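Anchor point for the sequence shown: position 141 equals 140 in numbering that gives the first Met the number 0, and the numbering is continuous, going up by one each time. One structure is given below, encoded as structure tokens.
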Amino acid sequence: MEGGRVWSFAHAVGGLTVLVGLALCETPRGAASLYPMTKKIKVLVLVIGAAVALVAGAGCSKKSGGDGHSHAHHHHTAPHGGTLVELGDHQYNLELVRDAGAGTLTVYLLDGHAENFVRVPMPVIALVATVKGVAQPLTMMATANAATGETVGSTSQFVAQAEWVKTAEQFEVVVPGIEIRGAKFTDVKFNFPKGSDDHGH
Numbered sequence: 000m001e002g003g004r005v006w007s008f009a010h011a012v013g014g015l016t017v018l019v020g021l022a023l024c025e026t027p028r029g030a031a032s033l034y035p036m037t038k039k040i041k042v043l044v045l046v047i048g049a050a051v052a053l054v055a056g057a058g059c060s061k062k063s064g065g066d067g068h069s070h071a072h073h074h075h076t077a078p079h080g081g082t083l084v085e086l087g088d089h090q091y092n093l094e095l096v097r098d099a100g101a102g103t104l105t106v107y108l109l110d111g112h113a114e115n116f117v118r119v120p121m122p123v124i125a126l127v128a129t130v131k132g133v134a135q136p137l138t139m140m141a142t143a144n145a146a147t148g149e150t151v152g153s154t155s156q157f158v159a160q161a162e163w164v165k166t167a168e169q170f171e172v173v174v175p176g177i178e179i180r181g182a183k184f185t186d187v188k189f190n191f192p193k194g195s196d197d198h199g200h
């Protein structure tokens, strides 16, 4: 494919070269009045302009090649000001929110853009937090939310309370397993409050 583009471009340049030669060299004898120098210059300018356009087009085609996949980075904002963790390849997000005063951790399940809640029927989400080398298992309980109309059995919100949450500002988290709408995610690891290593792209 690349060789075909180079070959076509070479033919185009060759054709333009011939046009330049004709414009400058093929003035009939005795017809100087019909082909004044100013007209020759105009023709030459048009030919050069066409050549520049071809070169620019070839450059753009080369730049737009590849696998056609965009790797543009984009940033997701945690709707509750918590820590976002990506699940799968932009499939879903888990947001972990710490309330130091109440000693609670809340998990919210969100869509791939962290914009909409994703309800699940699970009664609990189990996770293990490691605080200063000590493992702290937590059982996040499904929670109803009157504001969103969510109920236990159809909710995106899970909450757990523990005394260590009041003082632990940083810890490692492992979610052994979680299922969202048929998609299963296992051994999900992240740091709080950093979240996913590659999040925000």
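Think of the CB as a built atom: it goes at the ideal place given N, C-alpha and C, for glycine as much as any other residue. Please read these numbers as outputs of a predicted model, since none were measured by experiment.
Problem set entry | Host beta strand (DSSP E) of Met139 (start-end) | Val133 to Ala141
For this session: Determine the closest residue to Lys183 out of Arg97, Tyr91 and Gln135, with distance taken between C-alpha atoms.
Result: Tyr91
For this session: Please go through the stretch 84-151 and give each complete beta strand (DSSP E) segment of 3 or more residues, from N-terminal end onward.
Result: 91-98, 103-110, 123-130 and 133-141
Exercise. So the beta strand (DSSP E) Val173 belongs to, where does it begin and stop?
Worked result: Phe170 to Ile179
For this session: Measure the Cβ-Cβ separation of Thr142 and Arg118 and say whether it is below 8 Å.
Result: no
Problem set entry | Buried or exposed by the 16-neighbour rule on C-beta atoms within 10 Å, applied to Gln169 | exposed
Exercise. So what's Lys165 in DSSP terms, helix, strand or just coil?
Worked result: helix
Exercise. Do Ser195 and Leu108 come within 8 Å of each other at the CB atom, strictly closer than that value?
Worked result: no
Exercise. Between Thr76 and Glu94, what straight-line distance do the alpha-carbon atoms span, to the nearest angstrom?
Worked result: 10 Å
Problem set entry | Distance between Ile179 and Gly111 (C-alpha atoms, nearest Å) | 12 Å
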